[in-house]
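So the sequences go chain by chain: A and B. For the first sequence, the residue numbers in our numbering are 7 to 411. For the second sequence, the residue numbers in our numbering are 2 to 360. Here a beta-carbon is modelled for each residue, glycine too, at the ideal position from N, C-alpha and C. Working notes for the structure below.
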Amino acid sequence: MEARGAVSSLRQGPGSRLPAWALGLIPLALIAAAVGVFAALGAPGLGERSGPPIEDLAVERTVLHPGEIELTVRNDGPDQVGIAQVSVNDGYVDFEATSKEVGRLGSTTITIPYDWIEGESYEIFLLTSTGGTVDHTIDVAAETPEADSGFYGLMALLGIYVGVIPVALGMLWLPFVRRIDRRWVQLLLALTVGLLAFLAIDAVQEGVDVAQAGPQALGGAALVFVGALASYLLLAGVDGYMTGRRERAAARGGDAVGTHLALLIAIGIGLHNLGEGLAIGSSYAIGALALGAFLVVGFAIHNTTEGLAIVAPLAEERPGLSRLALLGLVAGAPAIVGAAIGAAAFDSSLAAFLLGAGAGAIAQVIQQIVPSIRDADGRALHPIAVAGILAGLALMYVTGLLVSV
Amino acid sequence: MSPRISRRKLLGGAAAGAALPVLHELIPHQGLHHALDGASASSGHQHTAGDPAAVDGDAGMHSHNGFAMGPEVNHRANGFDPSAMVRDFDWGKTRRLASGRVLREWEMVAIDKEIEVAPGVKYAAWTYNGRVPGPTLRCREGERLRIHFGNGSSHPHTIHFHGIHPAFMDGMPGLGEGIGGGLIRPGETFTYEFDAEPFGMHLYHCHATPLAEHIAKGLYGAFIVDPKQGREDADELIMVMNAFDTNFDFGNEVYAVNSIGFHYAKHPIKVKRGELVRIYLMNIVEFDPINSFHVHANFFNYFPTGTSLQPLEYTDTIVQAQGQRGVLELRFPYEGRYMFHAHKTEFAELGWLGFFEVA
Numbered sequence: 007m008e009a010r011g012a013v014s015s016l017r018q019g020p021g022s023r024l025p026a027w028a029l030g031l032i033p034l035a036l037i038a039a040a041v042g043v044f045a046a047l048g049a050p051g052l053g054e055r056s057g058p059p060i061e062d063l064a065v066e067r068t069v070l071h072p073g074e075i076e077l078t079v080r081n082d083g084p085d086q087v088g089i090a091q092v093s094v095n096d097g098y099v100d101f102e103a104t105s106k107e108v109g110r111l112g113s114t115t116i117t118i119p120y121d122w123i124e125g126e127s128y129e130i131f132l133l134t135s136t137g138g139t140v141d142h143t144i145d146v147a148a149e150t151p152e153a154d155s156g157f158y159g160l161m162a163l164l165g166i167y168v169g170v171i172p173v174a175l176g177m178l179w180l181p182f183v184r185r186i187d188r189r190w191v192q193l194l195l196a197l198t199v200g201l202l203a204f205l206a207i208d209a210v211q212e213g214v215d216v217a218q219a220g221p222q223a224l225g226g227a228a229l230v231f232v233g234a235l236a237s238y239l240l241l242a243g244v245d246g247y248m249t250g251r252r253e254r255a256a257a258r259g260g261d262a263v264g265t266h267l268a269l270l271i272a273i274g275i276g277l278h279n280l281g282e283g284l285a286i287g288s289s290y291a292i293g294a295l296a297l298g299a300f301l302v303v304g305f306a307i308h309n310t311t312e313g314l315a316i317v318a319p320l321a322e323e324r325p326g327l328s329r330l331a332l333l334g335l336v337a338g339a340p341a342i343v344g345a346a347i348g349a350a351a352f353d354s355s356l357a358a359f360l361l362g363a364g365a366g367a368i369a370q371v372i373q374q375i376v377p378s379i380r381d382a383d384g385r386a387l388h389p390i391a392v393a394g395i396l397a398g399l400a401l402m403y404v405t406g407l408l409v410s411v
Numbered sequence: 002m003s004p005r006i007s008r009r010k011l012l013g014g015a016a017a018g019a020a021l022p023v024l025h026e027l028i029p030h031q032g033l034h035h036a037l038d039g040a041s042a043s044s045g046h047q048h049t050a051g052d053p054a055a056v057d058g059d060a061g062m063h064s065h066n067g068f069a070m071g072p073e074v075n076h077r078a079n080g081f082d083p084s085a086m087v088r089d090f091d092w093g094k095t096r097r098l099a100s101g102r103v104l105r106e107w108e109m110v111a112i113d114k115e116i117e118v119a120p121g122v123k124y125a126a127w128t129y130n131g132r133v134p135g136p137t138l139r140c141r142e143g144e145r146l147r148i149h150f151g152n153g154s155s156h157p158h159t160i161h162f163h164g165i166h167p168a169f170m171d172g173m174p175g176l177g178e179g180i181g182g183g184l185i186r187p188g189e190t191f192t193y194e195f196d197a198e199p200f201g202m203h204l205y206h207c208h209a210t211p212l213a214e215h216i217a218k219g220l221y222g223a224f225i226v227d228p229k230q231g232r233e234d235a236d237e238l239i240m241v242m243n244a245f246d247t248n249f250d251f252g253n254e255v256y257a258v259n260s261i262g263f264h265y266a267k268h269p270i271k272v273k274r275g276e277l278v279r280i281y282l283m284n285i286v287e288f289d290p291i292n293s294f295h296v297h298a299n300f301f302n303y304f305p306t307g308t309s310l311q312p313l314e315y316t317d318t319i320v321q322a323q324g325q326r327g328v329l330e331l332r333f334p335y336e337g338r339y340m341f342h343a344h345k346t347e348f349a350e351l352g353w354l355g356f357f358e359v360a
């Protein structure tokens, strides 16, 4: 073990008389000192940035109340921006702002008294103190729902419609799954992989879209990938922990592999449904959910396949009803939370991160399913599996056509 | 009226403690009318006691369209106030030539200057004599004119006059370079000299290229040649319809007469009932093909380009392309506030509207 030898010789170097924490702090202290001196000298050699100020404002949130338009604006650029005037449909209007000067990463809420008309489109521009303009379009004006208990009740209902009920219905395939031949179970698992892969692609695309529409200062589309990686690693960690527990339990003759896999799938789908709920809730909030009933039906059919994905690994097990219900809730209930968050406080950065997290979780789940698909020779992509995956993709694609938020 | 609007009206009425604003709001055309009464210190829809708008009997004058409440444009820093500018005619200095003719002279300097074109909005303008529009040069038909031009800007400029004069006095790059004219570079001077003809309402502007930029940034003004016999005595006003492209997208963000949007809505132009009012009107708006002028509750005689003493039209609305101008004559038979604005309503709501206050 030469490498270990090298490390231990480093450890026994001349600095060993100092405690370890001091050794750790010395570089930090030096960095702080260097920065301090640099700042104290007024950043020698680096003059002021030349050129006019860079003004970059992004409208984060639009709220419409009768006779009033409210915009929440975030400063995405490096310089402070002053909001001097506001125009709606090519006419200057009176307005109030929590602050007319917006610092870097700061935000302000602009309230405009305006008799907007439901269903019409509004072009707003903010005129900054340097004469620059920030454009914002309200495509279809509709009153923003008040976030009261009735509203949250409605969001919960929407979440139950699109999340909990379809997943539960899908899980009713469990008796069927138990009866069929092992080959067919493999096919169903492969189908699940296809379904999930489609969802992952969908989530990434949606996340990137959402992120690009919002402010970029907090990371933009990068948040989708950061979210994906974070959730993948988190789920891998949870899986490692659970595997350890299961091995100990198995030694006592307990828990089964199938339930474990089903739970992982449920978690992945749950994260996905959280993102889906966000999309539904935010669309509802901005009035873009005009085709509400149709959309709910679409999501319901779409999400029924998710229930199938959860029960596929349970073919050889006899989980209790409460455990099944728990799996269904893990997968479906996040849609309720997502819808409420999306409608009440939609934040594109958060939505992008969560959609990414859903995709990452799904990637991890697929990795977990793959061993169950392998045939006797250990091949994962045998003809039945490939057929199943393709069928899953196709199924999601077709049912996905029913849904477009 | 939808319930939604009614509710808002009721709230407004309650705040004012009077039913008058409620009724007032129901009268059509009030959207424009409400263009910010800058005099009012109240915000939003509420009216408070002592509100000047309420005192002068116009209780419905709360802001609806127009610039946001708050500090006004800083006229002192700008160096010009549209309320004074509207009656500011620059007659220059005169002396008799040996021939007995009147020689009239002006000093004109091009200056780069940041001006506030709307409350809180700064614009890096190019100006003649530090103001936009430049001074209203006024003379009489047949006089000899000398305009001593110095370029104090960091860009080359000219003064191109509309009128009748030789090519080398035309203020065009490439013409008259031999005698020091043509394009006048920073630090250079040149004297434009020509006869005042024909009588009428004319204009001048920079003709350096790119032309649109040199005009849009503020290098223009009115040039009035009075007929020999003069015109009937009147309360005379100069109105230069202009606009500013503050974000450089070749479209204007702020429209006005005499540069400051909504100024005459906040500070109506005071005129006397029955007195002849003569408006020298020109359009220099860049990027938009036409502009227009409309006065409420009245009609005027229109003298296109002011080159005839016979009016061409008796109307309440006229249209001018860029560079077109004319003379308007009218009397107000009734007291009260009368709006005037571009009947291209987009321009009106982006600043080009104001009031006459007839007493």
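In this structure, the alpha-carbon of residue 310 (chain B) lies about 51 Å from that of residue 73 (chain A).
The three-state secondary structure of residue 214 (chain A), taken from DSSP, is helix.
Contiguous alpha helix (DSSP H) elements confined to the region 348-404 of chain A occur at 354-379, taking only those with 4 or more residues.
In this structure residue 342 (chain A) is in contact with residue 169 (chain A), their Cβ atoms being roughly 6 Å apart against a cut-off of 8 Å. The C-beta of residue 68 (chain B) comes closer than 8 Å to at least one C-beta of chain A. A contact is defined here as three or more CB-CB pairs under 8 Å, and the region 188-204 of chain B meets this definition with respect to the region 153-165 of chain B. Burial check for residue 404 (chain A): the Cβ neighbour count within 10 Å stays below 16, so the residue is exposed. Under the Cβ criterion (8 Å, minimum of three pairs), the region 244-255 of chain B counts as touching the region 134-151 of chain A.
Nearest C-alpha to residue 286 (chain A) among A:246, A:314, A:310 and A:361: A:361.
Per DSSP, residue 200 (chain B) lies in no alpha helix (DSSP H) and is assigned neither H nor E. Think of a sphere of 8 Å around the beta carbon of residue 123 (chain B): the chain A residues whose beta carbon falls inside it are 135, 136 and 137, in chain order. Residue contact check for residue 247 (chain B) against chain A: a CB pair falls below 8 Å. Within chain B, the residues placing a beta-carbon under 8 Å from that of residue 92 (chain A) are 69, ordered along the chain.
Classified as exposed, residue 154 (chain A) has fewer than 16 neighbouring CB atoms from the shown chains inside 10 Å of its CB.
Using a Cβ-Cβ cut-off of 8 Å, residue 97 (chain A) counts as an interface residue toward chain B, since at least one Cβ of chain B sits closer than that to its own. Contact of residue 101 (chain A) with chain B is assigned, a C-beta pair being separated by under 8 Å.
Of all residues in the region 54-88 of chain A, the ones placed with a Cβ closer than 7 Å to any Cβ belonging to chain B are 72, 73 and 88, in chain order. Of the other Cβ atoms in all chains shown, 16 or more fall within 10 Å of the Cβ of residue 215 (chain B); this residue is therefore buried. With its beta carbon at least 8 Å from every one in chain A, residue 83 (chain B) lies outside the interface. Boundaries of the alpha helix (DSSP H) harbouring residue 176 (chain A): 171-177, taken from the DSSP string.
DSSP, read as helix, strand or coil, puts residue 120 (chain A) in coil. In this structure, residue 395 (chain A) sits away from residue 236 (chain A), with a CB-CB distance that is not shorter than 8 Å.
Nearest Cα to residue 209 (chain B) within the set B:151, B:197, B:186 and B:285: B:186. At a cut-off of 8 Å between beta carbons, residue 352 (chain B) contacts chain A. Of all residues in the region 182-199 of chain B, none places a beta-carbon less than 9 Å from a beta-carbon of chain A.
Residue 203 (chain A) is not a Cβ neighbour of residue 387 (chain A), given a cutoff of 8 Å.
Interface annotation for the region 115-144 of chain B against chain A: 118, 119, 120, 121, 122, 123 and 124, criterion Cβ-Cβ distance under 8 Å. The C-alpha of residue 44 (chain A) is placed about 59 Å away from the C-alpha of residue 265 (chain A).
Taking 9 Å as the Cβ-Cβ cut-off, the region 254-268 of chain B approaches chain A at 254, 255, 262 and 263, given in chain order. Rounded to whole angstroms, the separation of the alpha carbons of residue 147 (chain A) and residue 119 (chain A) is 14 Å. Under the Cβ criterion of 8 Å, residue 347 (chain B) is counted among the residues facing chain A. Excluding five sequence positions before and after residue 390 (chain A), the CB atoms of its chain that fall closer than 7 Å to its own CB belong to 189, 192, 193 and 196, given in chain order. Counting only runs of 4 or more residues that sit fully inside the region 94-169 of chain A, the alpha helix (DSSP H) segments are 155-165, in chain order. About 6 Å separates the beta carbons of residue 370 (chain A) and residue 242 (chain A), which is inside the 8 Å limit, making them a contact pair.
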